[in-house]
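What follows is a set of notes on a single structure, which appears directly below.
Number of protein chains: 2
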Amino acid sequence: MAKTDNVLALSPTPLYSQIREILRQRILDGTYQPHQQMPSESELIKAFSVSRITVRQALGDLQRAGLVFKIHGKGTYVSKPKAFQNIGQLQGFGEAMSRMGYETFSQVVSIKTLAAGKTVGAKLQVKEREQITELRRLRYLNRAPISLDVTYVPKAIGERLAKEDLEHRDIFLILENDYGLSLGQAEMQIEAMLADEPLARLLKVEEGSPVLRIERLTFTHDGQPLDYEHLYYRGDAFQYRLRIERGHL
Amino acid sequence: MAKTDNVLALSPTPLYSQIREILRQRILDGTYQPHQQMPSESELIKAFSVSRITVRQALGDLQRAGLVFKIHGKGTYVSKPKAFQNIGQLQGFGEAMSRMGYETFSQVVSIKTLAAGKTVGAKLQVKEREQITELRRLRYLNRAPISLDVTYVPKAIGERLAKEDLEHRDIFLILENDYGLSLGQAEMQIEAMLADEPLARLLKVEEGSPVLRIERLTFTHDGQPLDYEHLYYRGDAFQYRLRIERGHL
DNA sequence: CTCCATAACTTGTAATGACATGTCACAATT
DNA sequence: AATTGTGACATGTCATTACAAGTTATGGAG
């Protein structure tokens with residue numbers, strides 16, 4: 001018999017991900033203290049009655065998530081807790097903020113259907129004359145305006161989005177949960193600029209104030225460009241935070 | 001006999017990483033075209049005479065690197081080539097720029113040894129009164145000033161660094177290659193601000209110009225904070241680019 | 001012709017076994 | 001006392017086997 005009977009075995013989620021979550025829990029609740037050694041692979045094998053492959057898959061995920069690190073020949077250790085744990089993953093604005101306990105909502109400024117034009121067309125890979133939807137939203141954090149988001153999506157999606165509750169729901173989550181489009185990756189450019197008059201008025205800052213401008217092109221899992229955004233954040237109220245890894249490939 | 005004889009077998013690098021690099025090469029040189037299906041796992045097993053575990057490890061690396069994506073039940077596909085491929089990894093400035101064919105050098109403005117103080121001490125996890133090294137450099141891209149870098153490192157490292165060729169070599173690469181410190185991850189915050197007078201003079205821009213301010217704390221592989229930097233980039237000449245993934249954990 | 005079961009693929013998960021390699025402590029040797 | 005093995009234990013790599021689960025084409029039943 002290949003598969004051993006196991007208390008966890010009848011569950012629908014894979015064994016390694018269950019173990020990963022159990023270990024994650026123990027790290028977060030302090031059962032395994034930062035910078036302390038985790039149980040060795042062979043101990044975990046005995047503890048969970050699984051094979052080494054399964055244990056290694058769980059630990060590998062945790063390592064890639066930045067919760068533990070391994071030293072060849074010594075063991076696996078809990079990372080020091082990081083303020084930014086997990087950031088550096090593609091998240092919508094509300095998604096990221098609500099995770100941190102902030103209250104957000106979005107005010108829809110305008111929804112227009114217009115020709116893609118050269119720039120947007122190139123990004124979304126549609127013809128210049130093809131129609132796309134432009135969605136402008138003002139985003140509020142704790143009731144203060146913090147950013148202007150200009151979103152371009154193909155017309156078909158834009159028309160569906162127009163009927164959604166865009167004030168409270170994240171576009172990313174609508175696309176994924178309601179439309180079944182699985183988002184894969186995004187390319188971003190971040191730069192600094194000065195607020196011109198119309199932008200300053202919307203963000204309730206002085207003209208010439210510093211603004212963080214983020215251009216983001218989001219792709220579906222299979223590489224289709226889906227959502228092209230220009231985000232203008234108040235420089236005095238927002239920092240973009242991320243955690244990055246030094247690659248080992 | 002467990003291990004099959006294999007043409008690749010006597011090499012010092014692991015099999016899966018050799019196969020990964022071969023496949024990466026074939027993707028980059030167009031042998032496998034974007035959005036086309038890769039050879040299936042069983043075909044790769046036959047082609048390289050290795051086990052499925054090895055093939056999957058190679059493909060998994062490529063997937064995490066964003067070069068391919070998999071669809072359960074269908075196959076593995078080549079991703080569309082991305083302008084930003086691989087960015088989102090921790091790189092030094094020169095490291096990133098020279099990869100793109102730009103010429104850079106750094107002018108050392110000052111090197112001081114001083115007390116850490118509250119902020120820097122907290123980041124580098126040393127006592128407030130402990131001595132650290134502050135290194136100020138003006139970085140040039142194609143002979144135009146593009147950023148001011150203020151770097152804080154523990155005194156012991158700062159004293160060694162002071163003797164290095166900081167004009168042309170990347171600090172990250174010195175730390176890794178010469179000092180054997182393996183860098184793991186970094187936390188960054190990016191914000192927009194206005195150039196004050198001294199900064200404007202250094203960057204040769206007008207006072208009040210937009211500046212991208214990046215605060216970056218870099219850790220060694222085992223989580224020790226090692227290098228705390230404030231980077232001030234000319235807003236008109238620099239965009240921070242990265243590619244991020246939507247997490248699947 | 002339509003519908004549906006099925007076979008033949010694909011990738012995903014998991015167990016078991018083996019050997020390689022890095023680390024460290026302790027004992028034996030010099 | 002300093003050095004050098006050597007063994008115990010950690011993670012790293014790899015092979016083999018088995019079954020689960022998603023996808024697609026095909027062929028037979030209605």
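Going line by line, the protein sequences match chains A and B.
Quick note: the first sequence, position 204, residue 204 per the numbering used here, numbers continuous.
Quick note: the second sequence, position 192, residue 192 per the numbering used here, numbers continuous.
Backbone N, C-alpha and C fix where the C-beta goes; we use that ideal spot for every residue, glycine too.
Being a predicted model, the structure only gives us computed values, none of them experimental.
Residue nearest to residue i in terms of C-alpha spacing, selected from the options
i: Phe105 (chain B); options: B:Ile146, B:Leu202 and B:Gly223; result: B:Ile146
i: Ala58 (chain B); options: B:Glu245, B:Lys46 and B:Tyr16; result: B:Tyr16
i: Arg243 (chain B); options: A:Val205, A:Leu217 and A:Glu176; result: A:Leu217
i: Glu245 (chain B); options: B:Ile132, B:Val68 and B:Thr13; result: B:Val68
i: Ile111 (chain B); options: B:Leu161, B:Thr119, B:Gly66 and B:Glu41; result: B:Leu161
i: Val205 (chain A); options: A:Gly30, A:His72, A:Leu148 and A:Gln36; result: A:Leu148
i: Arg241 (chain A); options: B:Glu187, B:Ile157 and B:Asp178; result: B:Glu187
i: Glu159 (chain A); options: A:Tyr179, A:His168 and A:Ala144; result: A:Tyr179
i: Pro225 (chain A); options: A:Gly121, A:His168 and A:Arg169; result: A:Gly121
i: Gly73 (chain B); options: B:Leu181, B:Glu41, B:Ser51 and B:Asn177; result: B:Glu41
i: Gln131 (chain B); options: B:Asn177, B:Ala115, B:Thr119 and B:Ser49; result: B:Ala115
i: Gln107 (chain B); options: B:Glu167, B:Leu175 and B:Asn177; result: B:Glu167
Chain-order list of residues whose beta-carbon lies under 6 Å from that of residue i (same chain, five-residue window excluded)
i: Leu261 (chain B); result: Within the shown structure, residues of chain B are numbered from 1 to 249, placing residue 261 (chain B) beyond reach of any answer.
i: Asn86 (chain A); result: At Asn86 (chain A), the pLDDT of 43 sits below 50, so the modelled position is not reliable and the matter cannot be decided from this model.
i: Glu215 (chain A); result: Gln189 and His230
i: Leu44 (chain A); result: Val55
i: Arg136 (chain B); result: Val109, Ser110 and Val150
i: Arg213 (chain B); result: Glu191, Met193 and Tyr232
i: Leu203 (chain B); result: Pro145 and Arg234
i: Gln36 (chain B); result: Val78
i: Thr133 (chain B); result: Thr113, Val153, Lys155 and Gly158
i: Pro14 (chain A); result: none
i: Pro12 (chain B); result: none
For residue j and residue i, believed in contact at Cβ under 8 Å, the rounded distance
i: Pro34 (chain B); j: Lys80 (chain B); result: 5 Å
i: Asp227 (chain A); j: Val126 (chain A); result: Actually they do not touch by this definition, with Cβ atoms about 13 Å apart.
i: Thr220 (chain A); j: Leu183 (chain A); result: 6 Å
i: Leu141 (chain A); j: Val109 (chain A); result: Wrong, their Cβ atoms sit about 17 Å apart, outside the cutoff.
i: Gly30 (chain A); j: Gln185 (chain B); result: Incorrect: roughly 22 Å between the Cβ atoms, too far for contact.
Own chain, CB closer than 7 Å to residue i, minus 5 neighbours either side, in chain order
i: Pro210 (chain B); result: Ala192, Leu194 and Gly235
i: Asp165 (chain B); result: none
i: Leu249 (chain B); result: Low per-residue confidence applies at Leu249 (chain B): pLDDT is 49, beneath 50, and the placement is therefore not dependable, though the value from the model is reported in the following sentence. Once the five neighbours on either side are set aside, Leu249 (chain B) has no close Cβ partner at all.
i: Gly117 (chain B); result: Glu128
i: Lys123 (chain B); result: Leu217, Pro225 and Tyr228
i: Tyr32 (chain A); result: Arg26, Met38 and Val78
i: Lys163 (chain B); result: none
Cβ neighbours of residue i in the same chain (closer than 8 Å, five flanking residues each side left out)
i: Asp61 (chain B); result: Tyr16, Ser17 and Arg20
i: Lys70 (chain A); result: Leu59, Gln63, Thr76 and Tyr77
i: Ala47 (chain B); result: Pro39
i: Gly223 (chain A); result: Gly184
i: Glu176 (chain B); result: Ser182 and Leu183
- Where are the alpha helix (DSSP H) runs, 4 residues long or more, that stay fully inside the stretch 122–207 of chain B, in chain order? 155–161 and 197–203
- Message: Within 8 Å, do at least three Cβ pairs link the stretch 226–238 of chain A to the stretch 16–34 of chain B?
- Response: no
- Message: Using a Cβ distance threshold of 8 Å, determine whether the stretch 197–207 of chain A contacts the stretch 41–58 of chain B, with at least three qualifying pairs required.
- Response: Taking a cut-off of 8 Å for Cβ pairs, the stretch 197–207 of chain A and the stretch 41–58 of chain B do not touch, as fewer than three such pairs fall below it.
- Return the chain-ordered ranges of every beta strand (DSSP E) run that is complete within the stretch 14–41 of chain B and spans a minimum of 3 residues. For the beta strand (DSSP E) assignment, the stretch 14–41 of chain B encloses no uninterrupted run of at least 3 residues.
- Item | Runs of beta strand (DSSP E) lying entirely within the stretch 38–62 of chain B, each at least 3 residues, in chain order | The qualifying runs do not exist here; there are none.
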